[in-house]
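The next block holds one structure in the form of structure tokens; read it before the comments.
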Amino acid sequence: MTFRKYLVLAGVTLFSTLGDSLLARGMKQLGGVSLHNFSGLLFAILNPWVAIGILLLLAFFASYMSALSWADLTYVLPATSLGYVLVALIARIFFHEEISLTRWLGIACIAAGVGIVAAGPSLTAARHHDHAQPVSQEAKP
Amino acid sequence: MNELYAWAAIAIITLAATTGDVLLAYSMRRVGDVGELFKTSGLFSVIARVLTTPTFFLGVLAMAVAFYSLLFGLSWGNLSLVVPASASLTFVANAVAARIFLHERVGRRRWLAALLVGAGVVLMAV
């Protein structure tokens, strides 16, 4: 694991958390969009919060795919789950929401899980696909 | 009755999300380290290689199924049940599926991490 790879993992965490939050904020501003009202969903993109939220979620997807190309799924998923904690801490610091004892316990559990998995190896899968033809070669005419 | 629908939705979301994650992880493992690929042959070839991996699109499709089942699940059950229950179960299901289908060595460390994060997500929603 290099510093750059830790940056990508931080990107996965931050982009998904910020993207989800902005999207939620935008959709709340727009009011209820039901499944019967698909035009509402199309116009939702015009809301700046929704638009930025979608861009951030695209950045999340790119960094998530990048992380999966050099690390195990069972490493990437727990290692990028600090977002749940981040949302709670942002709510506490900026919106002065109370954090109950069970939520603190949850924060401790997630932080411990992230620490435990991040301290271990990032790649364990046997490279049993190595004998397979690389995909790029298959794509060539 | 609605409770039953909500749990059915949670089961479908978990199944679809796990399928999607495993397919995407499998695709990216086949593509190989995109950082190295980017250095040697540029962004275009990274994108081309990802887009010529068929399982990538199956993964995206499964993710879309998970997203839409979440929308439906939310109309049957509470936000505070459906979101944390499916997120938490997905962590555990992914550990099982990654071991079986991706041959990842899910040792004590990985199990403990998946269970702790899964439990933590539930506790945060209580």
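Going line by line, the protein sequences match chains A and B. The numbering of the first sequence is numbering that gives the first Met the number 0, which starts it at 0 and goes up by one. The numbering of the second sequence is numbering that gives the first Met the number 0, which starts it at 0 and goes up by one. Virtual Cβ for every residue (Gly too), placed ideally from N, Cα, C. Remember, predicted model here, so these are calculated numbers, not experimental data.
CA-CA distance, Leu-6 (chain A) to Thr-12 (chain A), rounds to 10 Å. Taking 8 Å as the CB threshold, Thr-73 (chain A) lines the interface with chain B. At a cut-off of 8 Å between beta-carbon atoms, Val-125 (chain B) makes contact with chain A. For the alpha helix (DSSP H) assignment, the uninterrupted runs of no fewer than 4 residues enclosed by the stretch 24 to 69 of chain B are, from N- to C-terminal side, 33 to 50. Contact residues of the stretch 57 to 83 of chain A toward chain B are Met-64, Ser-65, Leu-67, Ser-68, Trp-69, Asp-71, Leu-72, Thr-73, Leu-76, Pro-77, Ser-80 and Tyr-83 (C-beta to C-beta distance below 7 Å). A distance below 6 Å between beta-carbons, with the five flanking residues on each side excluded, links Phe-90 (chain B) to the following residues of its chain, in chain order: Ala-113, Val-116 and Gly-117. Rounded to the nearest whole angstrom, the CA to CA distance from Thr-123 (chain A) to Gly-34 (chain B) is 19 Å.
A residue is called buried once 16 or more other Cβ atoms fall within 10 Å of its Cβ, and Trp-103 (chain A), having fewer, is exposed. In terms of Cβ geometry, Ser-26 (chain B) and Phe-66 (chain B) do not form a close pair [threshold 8 Å].
Rounded to the nearest whole angstrom, the C-alpha separation of Tyr-74 (chain A) and Arg-98 (chain B) is 12 Å. Here Leu-73 (chain B) is near Val-81 (chain B), since their CB atoms are less than 8 Å apart.
For Ile-9 (chain B) and Ala-84 (chain B), the gap between their C-alpha atoms comes out near 7 Å. If you look at Met-64 (chain A), you'll find it in the alpha helix (DSSP H) that goes 47 to 69.
Proximity of the stretch 38 to 56 of chain A to the stretch 11 to 28 of chain A meets the contact definition, three or more beta-carbon pairs being nearer than 8 Å. With a threshold of 8 Å between beta carbons, Val-116 (chain B) makes contact with chain A. Scanning chain B for C-beta atoms nearer than 8 Å to the C-beta of Thr-16 (chain A) yields nothing, as the closest lies near 13 Å away. Annotated three-state conformation of Glu-103 (chain B) is coil, per DSSP.
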